[in-house]
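J.:
Here it is as structure tokens:
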């Protein structure tokens, strides 16, 4: 059987990175030399953190409040990905992600509607597997004059007409999630409703995800790992009614990476046996795997257990080279978790899921085959 998943391959290289889930290429070819790139590498590895809050120790999460913004931290993101199908079996992948980046700590509210200390960036992609097409778009805006922002009441994050509205469950103690995602660019549109199939998972140490031994190089991180999804995807004026599964990651921090850490590979896998796996593998400049790599295995009943770098083995089985940028990306993996009896083969539904935007990376829908203690998943 084939499970559905999302994979992001990341190489954080000099001055050309954004966040945690892509393979970023920073070669100084003609194209990259003439493009403007957003460098958040300095933010993730520290930079000017004076005046911002830091993630030092576990905290109490309060839902639905924590779905909203945390403006005392330097950056955060609302990150939605998913795999959906039509009744006839036509398969699509999608991503809608919003990033908030503070340029300076908040001091006092100014009277001008254009005054702000924050900028927002959003990425929107659709993978049309049957059509063999990958569509990717990005937008930027200052958080002023209603152009972009995040609010707690109502719970909403937006950049112009791209938005994620986050509803509250009838019982907030269950820490579940309901969302509506809407985005349109040219002939590509999504309008999707998402609802939790299981409780939210706190990643790392009760939601504190440490990225290095340096105090404060960490984030607060939680996930909604299985979101029942329904709605529509429109391409070239043809609308497809779809259903499937999505995943949401929420993360906020002020700094995360140490100088020796140059990137990471991130996987979010949903299995047909009702379980999910999140794992990120941090890579160091000398080619070794960082000891702060880690992840979580979520059981069908929603219970979760942490995984360390010692628990997971990942081998790259194939590569794909982008004809547009020349970047060579890993494109097929074997993942083993001996303690769980998991043996997985992971490959892209569509090789060319590269976002050649101001931040260049590969992120996309993948398929998973394998077994758990000899039983297909």
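In this note's numbering, the protein residues as written are 2 to 378. The beta-carbon is built from N, C-alpha and C at its ideal position, and this holds for glycine as well. Here the structure is a predicted model, which is why all the values come from computation and not from measurement.
Assuming residue 129 contacts residue 236 under a Cβ cut-off of 8 Å, what Cβ separation, rounded to an integer in Å, is found between them?
T.: Looking up residue 129 in the chain shown gives position 128. Looking up residue 236 in the chain shown gives position 235. About 6 Å; that satisfies the 8 Å criterion.
J.: Tell me where the beta strand (DSSP E) around residue 120 begins and ends.
T.: Here residue 120 refers to the residue found at position 119 when the chain shown is read from its first residue. Taken as a continuous stretch (DSSP letters only), the beta strand (DSSP E) holding residue 120 covers 119 to 129.
J.: Identify whether residue 346 lies in helix, strand or coil by the three-state DSSP scheme.
T.: For the purposes of this step, residue 346 is taken as residue 345 along the chain shown, with counting starting at 1. Correct three-state label for residue 346: strand.
J.: Using a Cβ-Cβ cut-off of 6 Å (strictly less than) and excluding sequence neighbours within five positions of residue 231, which residues of its own chain qualify?
T.: Sequence index remark: in the chain shown, residue 231 carries index 230 (1-based). The answer, listed in chain order, is 194 and 244.
J.: Is residue 373 near residue 348, with beta carbons less than 9 Å apart?
T.: Here residue 373 corresponds to residue number 372 of the chain shown, with the count starting at 1. Here residue 348 corresponds to residue number 347 of the chain shown, with the count starting at 1. No, Cβ-Cβ distance for residue 373 and residue 348 is not below 9 Å.
J.: Give the range of the beta strand (DSSP E) segment to which residue 317 is assigned.
T.: Position 316 of the chain shown, counted from the first residue, corresponds to residue 317. It spans 314 to 322 - the beta strand (DSSP E) in which residue 317 sits, taken as one unbroken run.
J.: To the nearest angstrom, how far is the alpha carbon of residue 308 from that of residue 208?
T.: Taking the chain shown and counting its residues from 1, the one referred to as residue 308 is at position 307. Taking the chain shown and counting its residues from 1, the one referred to as residue 208 is at position 207. Each residue's Cα considered, the two are about 14 Å apart.
J.: Which residues in the same chain have their Cβ closer than 6 Å to the Cβ of residue 303, if we skip the five residues on either side of it in sequence?
T.: Here residue 303 corresponds to residue number 302 of the chain shown, with the count starting at 1. Result list for residue 303: 199 and 200, in chain order.
J.: May I have the straight-line CA-CA distance separating residue 367 from residue 63, to the nearest angstrom?
T.: Taking the first residue of the chain shown as position 1, residue 367 is located at position 366. Taking the first residue of the chain shown as position 1, residue 63 is located at position 62. Cα-Cα distance, rounded: 33 Å.
J.: For residue 297, which option in 310, 183 and 80 has the closest C-alpha, if you only look at C-alpha atoms?
T.: Numbered from its first residue, the chain shown carries residue 297 at position 296. Residue 297 has its Cα closest to that of 310, out of 310, 183 and 80.
J.: Roughly how many angstroms separate the alpha carbons of residue 215 and residue 55, rounded to a whole number?
T.: As a first step, residue 215 is located in the chain shown; it is residue number 214 there, counting from the start. As a first step, residue 55 is located in the chain shown; it is residue number 54 there, counting from the start. If I take the Cα positions, the gap works out to 12 Å.
J.: With distances taken Cα to Cα, identify the nearest neighbour of residue 122 among 142, 206, 132 and 103.
T.: Counting from one through the chain shown, the residue named residue 122 turns up at place 121. Looking at the Cα atoms, 142 is the closest of the given residues.
J.: Three or more C-beta pairs under 8 Å: does that hold for the stretch 68 to 84 against the stretch 136 to 155?
T.: Result yes; three or more Cβ-Cβ pairs closer than 8 Å.
J.: Would residue 181 and residue 163 qualify as a contact pair, given that the criterion is a beta-carbon distance under 9 Å?
T.: The residue given as residue 181 occupies position 180 in the chain shown. The residue given as residue 163 occupies position 162 in the chain shown. Cβ atoms of residue 181 and residue 163: not closer than 9 Å.
J.: Where do the ends of the beta strand (DSSP E) carrying residue 74 lie?
T.: As a working mapping, residue 74 is identified with position 73 in the chain shown. Note, residue 74: premise wrong, no beta strand (DSSP E); not H, not E.
J.: Comparing C-alpha positions only, which one of 131, 271, 331 and 100 sits nearest to residue 89?
T.: By one-based count along the chain shown, residue 89 stands at place 88. Among 131, 271, 331 and 100, the Cα nearest to that of residue 89 belongs to 131.
J.: For residue 238 versus residue 188, is the C-beta spacing smaller than 9 Å?
T.: As a working mapping, residue 238 is identified with position 237 in the chain shown. As a working mapping, residue 188 is identified with position 187 in the chain shown. Cβ atoms of residue 238 and residue 188: closer than 9 Å.
J.: Compare the beta carbon distance of residue 126 and residue 95 with 9 Å and say whether it is the shorter of the two.
T.: Mapped onto the chain shown, residue 126 falls at position 125. Mapped onto the chain shown, residue 95 falls at position 94. In this structure, residue 95 lies closer than 9 Å to residue 126 by Cβ.
J.: Which one of 326, 343 and 369 has the shortest CA to CA distance from residue 353?
T.: Taking the chain shown and counting its residues from 1, the one referred to as residue 353 is at position 352. Of the candidates 326, 343 and 369, the one whose C-alpha sits nearest the C-alpha of residue 353 is 326.
J.: Taking the alpha carbon of residue 338 as the reference point, which residue from 358, 261 and 316 has its own alpha carbon closest?
T.: The count along the chain shown starts at 1 and reaches residue 338 at position 337. The candidate whose alpha carbon is nearest that of residue 338 is 316.
J.: Kindly say whether residue 331, judged by its beta-carbon, lies nearer than 9 Å to any beta-carbon of chain B.
T.: Absent from the structure is chain B; it holds one protein chain and no more.
J.: Can you tell me which residues form a DSSP beta bridge with residue 62?
T.: For the purposes of this step, residue 62 is taken as the residue at position 61 of the chain shown. Per DSSP, none; premise fails for residue 62.
J.: Return the residue from the list 76, 118, 117 and 333 that minimises the CA-CA distance to residue 404.
T.: This structure leaves residue 404 out entirely; the chain is present only between 2 and 378.
J.: Mapping DSSP to helix, strand and coil, what is residue 51?
T.: Position 50 of the chain shown, counted from the start, is the residue given in the question as residue 51. Three-state DSSP puts residue 51 in coil, outside helix and strand.
J.: Quick one: is residue 295 buried, meaning 16 or more other Cβ sit within 10 Å of its Cβ, or exposed?
T.: Translated into positions along the chain shown, residue 295 becomes position 294. Buried, since its Cβ has 16 or more Cβ neighbours within 10 Å.
J.: Quick check: what's the CA-CA separation for residue 57 versus residue 334?
T.: Along the chain shown, one-based indexing puts residue 57 at 56. Along the chain shown, one-based indexing puts residue 334 at 333. Near 34 Å, if we compare the C-alpha coordinates of residue 334 and residue 57.
J.: Which one or two residues does DSSP pair with residue 96 in a beta bridge?
T.: The count along the chain shown starts at 1 and reaches residue 96 at position 95. For residue 96, which the question treats as bridged, DSSP gives the partners 82 and 126.
J.: Can the beta-carbon of residue 184 be found closer than 9 Å to that of residue 258?
T.: Reading the chain shown from its first residue, position 183 is the one you call residue 184. Reading the chain shown from its first residue, position 257 is the one you call residue 258. No, the Cβ-Cβ distance between residue 184 and residue 258 is not below 9 Å.
J.: Leaving aside the five residues before and after residue 145 along the sequence, list all residues of the same chain whose C-beta is less than 6 Å from its C-beta, in chain order.
T.: Within the chain shown, numbered from 1, the residue matching residue 145 stands at position 144. 115 and 117.
J.: Using only CA atoms, which one of 241, 345 and 299 lies nearest to residue 202?
T.: Locating residue 202 in the chain shown gives position 201, counting from the first residue. Among 241, 345 and 299, the Cα nearest to that of residue 202 is on 299.
J.: Are there 16 or more other CB atoms within 10 angstroms of the CB of residue 301, so buried, or fewer, so exposed?
T.: Here residue 301 refers to the residue found at position 300 of the chain shown. Exposed, by the Cβ-count rule.
J.: Look at the alpha carbon of residue 39 and the alpha carbon of residue 358, and state the distance between them as a whole number of angstroms.
T.: Within the chain shown, residue 39 is the residue found at index 38, counting from 1. Within the chain shown, residue 358 is the residue found at index 357, counting from 1. The pLDDT assigned to residue 39 is 44, lower than 50, so where the model puts this residue is not dependable, and the model offers no usable value.
J.: From the DSSP secondary-structure annotation, give me the bridge partner or partners of residue 141.
T.: Your numbering for residue 141 matches position 140 in the chain shown. BP columns for residue 141 point to 122.
J.: Out of 277, 253 and 289, which one is the CA nearest neighbour of residue 263?
T.: The residue labelled residue 263 in the question sits at position 262 within the chain shown. Out of 277, 253 and 289, 289 has the C-alpha closest to the C-alpha of residue 263.
J.: Using a Cβ-Cβ cut-off of 7 Å (strictly less than) and excluding sequence neighbours within five positions of residue 286, which residues of its own chain qualify?
T.: Within the chain shown, the letter at position 285 stands for residue 286. So the list reads 261 and 263, once near-sequence residues are dropped.
J.: Would residue 80 and residue 282 be called neighbours here (beta carbons separated by less than 9 Å)?
T.: Taking the chain shown and counting its residues from 1, the one referred to as residue 80 is at position 79. Taking the chain shown and counting its residues from 1, the one referred to as residue 282 is at position 281. Going by C-beta atoms, residue 80 is not nearer than 9 Å to residue 282.
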